[in-house]
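Chemist:
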Amino acid sequence: MVNRVLKKVYLYLVFIFLYAPIAVLVIYSFNDSKSRGRWGGFTLKWYAELFNDREIAQAVYNTILIAVISSIVATIIGTAAAIGIQNMKKIKKAIILNLSYLPVLNPDIVTGVSLMILFIFMKAYTGMGLGFITMLLAHITFNIPYVILSVMPKLKQLDRNMYEAALDLGAKPGYALRKVIIPEIMPGIFTGLLLSFTLSIDDFVI
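Under our numbering, the first residue of the sequence shown carries the number 1113, and numbering increases by one thereafter.
1) Let's test the definition: count the other Cβ atoms within 10 Å of the Cβ of N1210 and tell me whether it reaches 16, buried, or not, exposed.
2) I'd like the ranges of any alpha helix (DSSP H) spanning at least 4 consecutive residues and lying wholly in the segment 1261 to 1286.
3) Our contact map puts F1302 next to A1179 with C-beta atoms below 8 Å; I'd like the distance itself, whole angstroms only.
4) Would you report the Cα separation of Q1198 and G1152, rounded to the nearest angstrom?
5) Sort out for me which residues DSSP pairs F1320 with in a bridge.
6) Which runs of the beta strand (DSSP E) fall wholly inside the segment 1185 to 1230 and span at least 3 residues, in chain order?
7) What do you reckon, are the CB atoms on M1240 and M1234 nearer than 8 Å?
8) Taking the C-alpha atoms as reference points, what is the distance between F1154 and I1128?
9) On the three-pair Cβ rule with 8 Å, is the segment 1213 to 1227 touching the segment 1160 to 1173?
10) Does the segment 1210 to 1220 touch the segment 1271 to 1290, meaning 3 or more C-beta pairs lie closer than 8 Å?
11) Determine the contact status of V1259 and G1196, defining contact as a CB-CB distance below 8 Å.
12) Can you give me the C-alpha to C-alpha distance between L1125 and S1182, rounded to a whole angstrom?
13) Taking the alpha helix (DSSP H) that D1165 falls in, what are its first and last residues?
14) Under 8 Å by Cβ, that's how I've got P1215 and P1265 pegged, so tell me the actual separation to the nearest angstrom.
15) Within the continuous alpha helix (DSSP H) that includes I1301, where are the two ends?
16) Below 8 Å between beta carbons: does that hold for N1175 and I1313?
Given below as structure tokens:
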């Protein structure tokens, strides 16, 4: 009983430390005073200025657009990659997995600078300018490992006999993949989609 109470108290404290700063930030966003240390009354003028600023509105639009497109594309590529990796032999599978997790371990600034150097090199030889497309490609590249990381556990839990049984019953590989494999790993796919969308919005360095 005591352990259960302590666990709940610990959990509540964790949530308080995580979300209390966000709650304070939200509350003070309605503060009429420019000083964060003094409450000057309730106001919506800061939000009015925010939505009337075209540059900020364009930045928000680009952020959401890149997050949506990159998360969808990364989810498709990452899911296909995870299925392919799962069917590899043990040694090759371990090597590919370790390589695919490198962007997760790298600091964001390292990944961002590396991709910038790559795109500058490509610009010199292909003429492709730096802009929306290169930023989108960078976010897709950054998100793919997180999708693989989300889908792989579901693939490991999957019973391979289900797929083989579908093939034995006359289903083509593509049909068996859509009707047997994809529904079983859908929670992992959805998790990867949400994770990549959240990370894409959050990661301004990339």
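Backbone N, C-alpha and C define an ideal beta-carbon position, used for all residues, glycine too.
Modeler: So, from the listed chains and residues:
1) For the purposes of this step, residue 1210 is taken as the residue at position 98 of the sequence shown. With fewer than 16 Cβ atoms within 10 Å of its Cβ, N1210 is classed as exposed.
2) 1272 to 1280
3) Reading the sequence shown from its first residue, position 190 is the one you call residue 1302. Reading the sequence shown from its first residue, position 67 is the one you call residue 1179. Actually they are not in contact, since the Cβ atoms of F1302 and A1179 sit about 16 Å apart, beyond 8 Å.
4) Position 86 of the sequence shown, counted from the first residue, corresponds to residue 1198. Position 40 of the sequence shown, counted from the first residue, corresponds to residue 1152. Between Q1198 and G1152, the C-alpha separation is close to 58 Å.
5) Shown here, the chain extends from 1113 to 1318; a query on residue 1320 therefore has no answer.
6) none
7) Residue mapping note: residue 1240 aligns to position 128 of the sequence shown, counting from 1. Residue mapping note: residue 1234 aligns to position 122 of the sequence shown, counting from 1. Their beta carbons are under 8 Å apart, which means M1240 touches M1234 by this criterion.
8) The residue given as residue 1154 occupies position 42 in the sequence shown. The residue given as residue 1128 occupies position 16 in the sequence shown. Rounded to whole angstroms, F1154 to I1128 spans 24 Å at the Cα level.
9) no
10) no
11) In the sequence shown, counting from the first residue as 1, residue 1259 sits at position 147. In the sequence shown, counting from the first residue as 1, residue 1196 sits at position 84. Not a contact, by the Cβ cut-off of 8 Å.
12) Taking the sequence shown and counting its residues from 1, the one referred to as residue 1125 is at position 13. Taking the sequence shown and counting its residues from 1, the one referred to as residue 1182 is at position 70. Cα to Cα, the separation comes out at about 35 Å.
13) For this step, residue 1165 is matched to residue 53 along the sequence shown. Note, D1165: premise wrong, no alpha helix (DSSP H); not H, not E.
14) Locating residue 1215 in the sequence shown gives position 103, counting from the first residue. Locating residue 1265 in the sequence shown gives position 153, counting from the first residue. Not really, about 19 Å apart at Cβ, beyond 8 Å.
15) As a working note, residue 1301 is residue 189 in the sequence shown. Per DSSP, I1301 belongs to the alpha helix (DSSP H) from I1294 to D1314.
16) Sequence index remark: in the sequence shown, residue 1175 carries index 63 (1-based). Sequence index remark: in the sequence shown, residue 1313 carries index 201 (1-based). Residue 1175 is actually Thr in this sequence, not Asn. Going by C-beta atoms, T1175 is nearer than 8 Å to I1313.
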